[in-house]
Amino acid sequence: MAESYTTTKHAEGHPALQHHFENMEQQREAGTLGMWVFLVTEIMFFGGMFLAYTLYRSKYPAAFASASNHLDITLGAANTGVLILSSFTMALAVYGTQVGKRKLQLFCLALTIVLGLTFLGIKAVEYKDKYVDSLIPGTLIPGHPFSPAVQVPGESFDEHKLHLLPGATVKNVEMFYWIYFAMTGMHAVHMIIGVGLLSFLLVFSVKRRYGPEYHNPIEVTGLYWHFVDIVWIFLFPLLYLLGRHLEHGG
Amino acid sequence: MSEHIVPVKVYLAIFVALLLGTALTVVAAFHDFPWQFNTVIALTIASFKATLVVLYFMHVRYSNRLVWVIVIAALFWMGILFALTFSDYFTRDWISIG
Numbered sequence: 124m125a126e127s128y129t130t131t132k133h134a135e136g137h138p139a140l141q142h143h144f145e146n147m148e149q150q151r152e153a154g155t156l157g158m159w160v161f162l163v164t165e166i167m168f169f170g171g172m173f174l175a176y177t178l179y180r181s182k183y184p185a186a187f188a189s190a191s192n193h194l195d196i197t198l199g200a201a202n203t204g205v206l207i208l209s210s211f212t213m214a215l216a217v218y219g220t221q222v223g224k225r226k227l228q229l230f231c232l233a234l235t236i237v238l239g240l241t242f243l244g245i246k247a248v249e250y251k252d253k254y255v256d257s258l259i260p261g262t263l264i265p266g267h268p269f270s271p272a273v274q275v276p277g278e279s280f281d282e283h284k285l286h287l288l289p290g291a292t293v294k295n296v297e298m299f300y301w302i303y304f305a306m307t308g309m310h311a312v313h314m315i316i317g318v319g320l321l322s323f324l325l326v327f328s329v330k331r332r333y334g335p336e337y338h339n340p341i342e343v344t345g346l347y348w349h350f351v352d353i354v355w356i357f358l359f360p361l362l363y364l365l366g367r368h369l370e371h372g373g
Numbered sequence: 892m893s894e895h896i897v898p899v900k901v902y903l904a905i906f907v908a909l910l911l912g913t914a915l916t917v918v919a920a921f922h923d924f925p926w927q928f929n930t931v932i933a934l935t936i937a938s939f940k941a942t943l944v945v946l947y948f949m950h951v952r953y954s955n956r957l958v959w960v961i962v963i964a965a966l967f968w969m970g971i972l973f974a975l976t977f978s979d980y981f982t983r984d985w986i987s988i989g
């Protein structure tokens, strides 16, 4: 396209072009590639935890199903929806910047931040519920050790008590909660970092730093944000859903 | 710019597909399937959703080959991590020592 040629040519003098790149196009591709290499290290990082999860789930299936069934599926599913919506608004923010729709860019960046904070808020409610039921593993909370009340067969249903399936022990349920807090905790840390990055982007977007010629910071932050979304796409079924079908049968 | 700009309706279609996938996985989780099919179904839906995000939201479908190589390398090394670990753990009681 002749038009794209002139755009690229014009962009050569762009103030954001670093001296070691030929043009904006080359700078953009290098940035995207660098982000992907970083995401590979992130995949390895979370991969180790997914490995630990898979190993212990296969060793103690009954305890993991019992512990999993105690999680709040409504809040978990709602958070999945919130995160998917935030990925959608993030993608639109990138699109808005690429085509020069400034209002869309600003609105979607702000909305993504709000949705990220909503996710963290719902997560905090869930953590508090686990605290109330004494399900924080070990003595992570001093003076409030892991000591859930266990439902006795024949007793009336109590949602705050642990319902152990046959073969499950409280000790192995604690193992599930170590993994649950490690994985969702690291995921939440990534969300907090993401919200921080998006806040910077929003401030610089208001100052008109990004547009069709220069939008790589928004694009690579988007890649990071979508990656964090993907981690949750796997965490939700693995932590909340597997074992659900045993809830009333086993 | 030579980069590909993904149209909004593609993003919208992916967003709807991701929501449907989430609803489907929740419904399927309460159904008692034979053998380990609950796990298989949950992981298949999650992998499908992740693939949609990678290809469209993360633009890999429209990216250059180097990005493809990096993504595939990540999956390959994850495969090594899982394959080698479980080839140890799952075969430990095949033989008894002493």
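Protein sequence lines correspond, in order, to chains R and P.
Numbers 124 to 373, taken from the numbering used here, label the letters of the first sequence in order.
Numbers 892 to 989, taken from the numbering used here, label the letters of the second sequence in order.
Every residue gets a Cβ at the ideal spot worked out from N, C-alpha and C, and that includes glycine.
Bear in mind the structure is a predicted one, so any value in this text is a computation, not a measurement.
- Among the residues facing chain P, V351(R) is not included, as its CB has no counterpart in that chain under 7 angstroms away.
- Collapsing the DSSP output to three states places Y337(R) in a strand.
- At a cut-off of 7 angstroms between beta carbons, H310(R) makes no contact with chain P.
- With a threshold of 16 other beta carbon atoms within 10 Å, Q141(R) falls short and is exposed.
- For I896(P), the closest C-alpha among the options V217(R), L321(R), G171(R) and C231(R) is that of V217(R).
- Annotation for H310(R): the continuous alpha helix (DSSP H) segment containing it runs V293 to V329.
- Within its own chain, the residues whose Cβ lies closer than 7 angstroms to the Cβ of N192(R), once the five positions on either side in sequence are excluded, are H286, G366, R367 and E370, listed in chain order.
- Cβ-Cβ distances below 8 angstroms link T913(P) to K940 in the same chain, with the five nearest sequence neighbours on each side left out; the list follows chain order.
- Around the beta carbon of Q927(P), fewer than 16 other beta carbons lie within 10 angstroms, which makes this residue exposed.
- Using a CB distance cut-off of 7 angstroms, S209(R) does not count as an interface residue toward chain P.
- In this chain, the alpha helix (DSSP H) harbouring R225(R) covers R225 to V255.
- Nearest CB-CB separation between G170(R) and chain P: below the 7 angstroms threshold.
- Residue pairing for L285(R): DSSP places it in a beta bridge opposite V273(R).
- Counting the other Cβ atoms within 10 Å of the Cβ of Y980(P) gives fewer than 16, which makes it exposed.
- The C-beta of F280(R) comes no closer than 7 angstroms to any C-beta of chain P.
- Leaving aside the five residues that flank F187(R) on each side, the residues in its chain whose CB is nearer than 6 angstroms to its CB run, in chain order, R180 and F299.
- Contact of A139(R) with chain P by beta-carbon distance below 8 angstroms is absent, the smallest such distance being about 14 angstroms.
- With respect to L208(R), L238(R) sits close: the two C-beta atoms are nearer than 7 angstroms.
- Contact with chain R is absent for Y953(P), since none of that chain's Cβ atoms lies less than 7 angstroms from the residue's Cβ.
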